[in-house]
Structure formats: C-alpha cells, structure tokens
Amino acid sequence: MNLLILGITIFFSIHLVPIFPLKNILINRLGENKYKGLFSLIALIGILIIIYGFSSVDYYPIWDPLPYSKELALTLMPISIILLVAANIQTNIKRLTKHPMLIAIFIWSFVHLIANGDLRSIMLFGSFGVYALIDIIFSKKVLTTNSTANYTLTKDIFVVIIGLLVYGIIVYFHQYISGVVIF
Numbered sequence: 000m001n002l003l004i005l006g007i008t009i010f011f012s013i014h015l016v017p018i019f020p021l022k023n024i025l026i027n028r029l030g031e032n033k034y035k036g037l038f039s040l041i042a043l044i045g046i047l048i049i050i051y052g053f054s055s056v057d058y059y060p061i062w063d064p065l066p067y068s069k070e071l072a073l074t075l076m077p078i079s080i081i082l083l084v085a086a087n088i089q090t091n092i093k094r095l096t097k098h099p100m101l102i103a104i105f106i107w108s109f110v111h112l113i114a115n116g117d118l119r120s121i122m123l124f125g126s127f128g129v130y131a132l133i134d135i136i137f138s139k140k141v142l143t144t145n146s147t148a149n150y151t152l153t154k155d156i157f158v159v160i161i162g163l164l165v166y167g168i169i170v171y172f173h174q175y176i177s178g179v180v181i182f
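0 is the number of the first residue of the sequence shown in numbering that gives the first Met the number 0; add one for each residue after it.
The following block contains the structure:
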C-alpha cells in the first residue's frame, strides 16, 4: 500500500507544480525543455510506482460494485476516450468542453471507481477523479483554442472515429493490462 501511496503522491505533486509560482522559477533556472524533461521523468516515475504499487496491494473490498456499473462504463468510456483524443486537436469538441483531457480523466476515474469497490481502486481512481475536478475548477491554463472559432465538422468526425478506434483497442487489450475482461 505504501508504494501505491508514494506513486500517487509523486505523480500528483509534480502535476500540482504548475498551479504555483514554482513552475516559472524552475523554467527560469532550468529552461523550458529541461523543465519539461524533468516534469515528464518525475511523472513517469510516479506512474511506474503506481502500477507496481497497485499490483502489489491485496484486494480489500469496501463495497460491492453497483449493478449497472459495467453498462455505465461501456456507455461513458467511449466519450472519455474521444475527449482525450480531442484534447490535442483544435476542434469544436475542444472549444465547447474547454478542458477535454481533464473531463476525460474524470469520466475514466468515475466509471472505474463505481465498478471497483476495493481499497486500492478507490485510492487510485479516486485520486485521479479528485485531481481532475480540482484542476478543472482552479485551472489557470490559457486555452489555445479561440472560444469563438468554429472548426470544420470533419475535424470533429475525425476525432470521434480515432477515439472509437482507440476505445476498441483498449477494450481488446484491457484483459491483458488489468486482468479484467470487458466482454
């Protein structure tokens, strides 16, 4: 359990740096590229510790998953993946949602939280969900998308198609990654 907590702490600590003036101090001292490299390295270390920590913690049930949680996940996860794809492409989806990646993370964490009532899942998915909500609420990020610009529908259709393809790949490999068969 300690490794899972350590990994979560490392991962979210580095992701909270941009909220504080520390980011600008580090960029001024290290330069933009070195800051991004250090940020990515620390985040990767956090993720690797989370994965190892999660797999090393015994299953300890807190609640039974809701009876409709699988159907809800199957309904909402494609939306989550589409939003995740839209986060890096200038589309109407991004323009209208403002924070598609954070919304995607929140949806992902929510459906996994209600589908898994064990302690390690609550810690993992709960922490990602809380972080996404906090970041959405307190986000000071300057959006690169012009909120009044309209983009062609073909870009949105492209994002939806890519999102659904990625979702299909995730569904197929989910059992190999997590041990949970979706279908």
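Built from N, CA and C at the ideal position, the CB exists for glycine as well.
Residue i versus residue j: straight-line alpha-carbon distance, rounded
i, j, result
"L101", "F127", "9 Å"
"G30", "A86", "25 Å"
"V141", "A148", "Low per-residue confidence applies at V141: pLDDT is 47, beneath 50, and the placement is therefore not dependable enough to give any value."
"L2", "I18", "25 Å"
"I26", "F10", "19 Å"
"K33", "Y130", "25 Å"
"K22", "V16", "6 Å"
"L40", "Y67", "38 Å"
"P60", "M0", "14 Å"
"N115", "R28", "43 Å"
"V170", "F182", "8 Å"
"F38", "K93", "24 Å"
"L95", "D155", "11 Å"
"T153", "N91", "10 Å"
"S54", "S120", "11 Å"
"G167", "Y175", "14 Å"
"W107", "L73", "11 Å"
"Y150", "V56", "46 Å"
"H14", "D134", "10 Å"
"L83", "S177", "20 Å"
"S12", "A42", "9 Å"
"I136", "P20", "18 Å"
Nearest-angstrom Cβ-Cβ length linking residue i and residue j, presumed shorter than 8 Å
i, j, result
"G162", "P77", "7 Å"
7 Å CB neighbourhood of residue i in its chain, flanking five on each side removed
i, result
"V179", "H173"
"K69", "A114"
"D117", "Y58, Y59, P60, I61"
"F105", "G128, A131, L132"
"T144", "Confidence in T144 is poor, its pLDDT being 49 and thus under 50, which makes the residue's placement unreliable; the coordinate value appears in the next sentence. Cβ neighbours of T144 beyond the five flanking positions: Q89, K93, R94."
Residue i and residue j closer than 8 Å at C-beta
i, j, result
"F124", "L112", "yes"
"I44", "I7", "no"
"V158", "I88", "yes"
"S199", "A103", "There is no way to answer for residue 199, as the model of the chain reaches only from 0 to 182."
"V110", "L71", "yes"
Neighbourhood of residue i by C-beta, 8 Å cutoff - its chain only, sequence neighbours within 5 removed
i, result
"L5", "I48, G52"
"V75", "Looking at the sequence itself, residue 75 is Leu, so the reference to Val does not match. The answer, listed in chain order, is I106, F109, V110."
Distance cut-off 7 Å: residue i Cβ against heavy atoms of the ligand FAD
i, result
"G45", "Absence of the ligand FAD from the depicted structure is noted, as is the absence of any ligand whatsoever, leaving it without description."
Residues near residue i by beta carbon distance below 6 Å, same chain, minus five either side
i, result
"V184", "Beyond the ends of the chain as shown, which are 0 and 182, falls residue 184; an answer cannot be given."
> Enumerated in chain order, which unbroken segments of the alpha helix (DSSP H) with a length of 4 residues or greater are wholly contained in the segment 10-74?
Replying inline: 21-29, 31-55
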